[in-house]
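Notes follow once the structure below has been shown.
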Amino acid sequence: MKKIIIFILLLTMGEAFADSNAIFIMYHRVGDARYPTTNVTVEQFTEEMQYLHDQHYNVLPMADIITKLKHNETLPDKTVGISFDDAFDTIYTTAWPILKKYHFPFTLFVATEPLDKNFKGMMTWAQVKALAEQGVTIGDHSVTHGHLATANVATLEKEIMSAKERIYQETGQQAVLFAYPFGEYSLNFPKLLAKLGFLAAFTQITGAVNAQSDFYLLPRIPLNQHYADLSRFKQLLQIRALRVSDLTPAEPVLQQNPPIISFKISDPTITAQGVNCYDASGAALQLDKTHVPYLTIHFKKALPSGRTRINCTAVDKKGNWYWLGLLYIA
Ligand SMILES: [Zn+2]
């Protein structure tokens with residue numbers, strides 16, 4: 016009898032581990048309509064924070080979420096982490112009072128050179144320090160905010176560590192979270208960030224995070240005013256990570272264009288036949304399902320220069336949405 020109870024207990028715990036799922040959302044500007052692709056309106060932002068509050072989402076510090084997942088601890092249902100990239104002044108003037116009202120923790124990813132040079136529209140270091148003193152996490156977003164995917168390792172290390180040093184000088188915080196400028200990365204980054212003692216790093220690829228995620232390539236859902244209506248926001252908060260293995264090419268910086276992308280669906284709740292993939296590059300994506308559970312993506316044309324994001328989604332029997340975001344840089 017005892018053995019059976021322990022067995023059932025282990026089964027339940029196993030399920031709880033497997034189910035721990037978190038969503039990270041990201042913003043740039045709030046209430047600055049001059050930049051629609053990196054802005055949400057004050058109304059949208061207010062509505063979204065209100066929704067998280069009213070629906071009892073657990074908005075937790077990003078580092079806490081990651082530490083729990085790394086240790087295979089169970090996360091509460093509806094766990095969300097909030098972040099802002101670049102330290103635009105509207106975050107201080109407009110977003111901060113709304114976040115404070117709900118006691119929502121968040122991370123501000125700072126690229127240090129624009130602040131050192133007092134760029135217009137950015138926070139001052141004094142404002143960043145004021146946020147840090149009130150418990151806001153300050154993350155590393157490089158020195159120059161350059162396109163770093165093709166930079167060599169020595170340059171990357173300098174970008175990461177000099178920014179970390181400036182953040183420490185100005186705020187007293189040791190940044191352990193990194194966000195890739197423009198969401199662009201190469202596979203040089205994860206190894207380097209781990210070596211430099213960082214806890215995690217974030218892309219701008221849509222997806223959900225679980226204990227199996229690569230903690231140095233964590234997806235984060237970018238929100239802007241074109242794609243920030245509340246119904247879409249609600250849907251995105253419910254997505255789960257679509258687990259795949261054997262992804263090729265794993266390196267986002269393309270050696271061959273168009274690439275032939277292939278991966279194996281390793282999620283037991285998803286049938287590979289039910290997966291759909293799409294992109295907005297205009298390169299005519301075609302999904303080949305003749306070798307399931309392996310899926311292959313072909314393109315009729317070369318991917319355009321710059322970033323191409325590919326999204327693959329599937330629905331399980333219970334109606335849950337699973338999502339895999341991929342990034343390639345041509
Ligand atoms: Zn940025």
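16 is the number of the first residue of the sequence shown in my numbering; add one for each residue after it. Glycine residues also receive a C-beta, built at the ideal position from the N, C-alpha and C atoms.
- Three or more Cβ pairs drawn from the region 122 to 129 and the region 150 to 160 lie within less than 8 Å of each other, which places the two stretches in contact.
- Non-local C-beta neighbours of V268 in its own chain, meaning closer than 7 Å and more than five positions away in sequence, comprise A164, T165, S201, I344, ordered along the chain.
- Secondary structure note for Y337: it is in no alpha helix (DSSP H), and the uninterrupted beta strand (DSSP E) holding it is 336 to 344.
- For A141, the number of other beta carbons within 10 angstroms of its own is below 16, and it is reported as exposed.
- With fewer than 16 other CB atoms across the displayed protein chains lying within 10 angstroms of its CB, V330 is exposed.
- Judged by DSSP in its simplified three-state form, P237 adopts strand.
- In the same chain as D303, and ignoring 5 residues on each side of it, the C-beta atoms closer than 6 Å to its own belong to T311, in chain order.
- V224 sits buried, since 16 or more C-beta atoms from the chains shown fall within 10 Å of its C-beta.
- Between A298 and the set S281, R322, P283, the nearest pair of CA atoms involves R322.
- Exposed is the label assigned to G150, since fewer than 16 other Cβ atoms lie within 10 Å of its Cβ.
- Residues G96, R235 of the same chain have their beta carbon placed closer than 6 Å to that of F39, with the five preceding and five following residues left out of the count.
- Annotation: S98 to G222 spans about 15 Å, alpha carbon to alpha carbon.
- Minimum Cα-Cα distance from A110 among the listed residues T61, E88, M138 corresponds to T61.
- Runs of alpha helix (DSSP H) with 4 or more residues, each lying fully within the region 115 to 143, are found at 127 to 131, listed in chain order.
- Shown here, G198 sits in a helix according to DSSP, grouped into three states.
- When beta bridges are read from the DSSP output, G46 appears opposite no residue.
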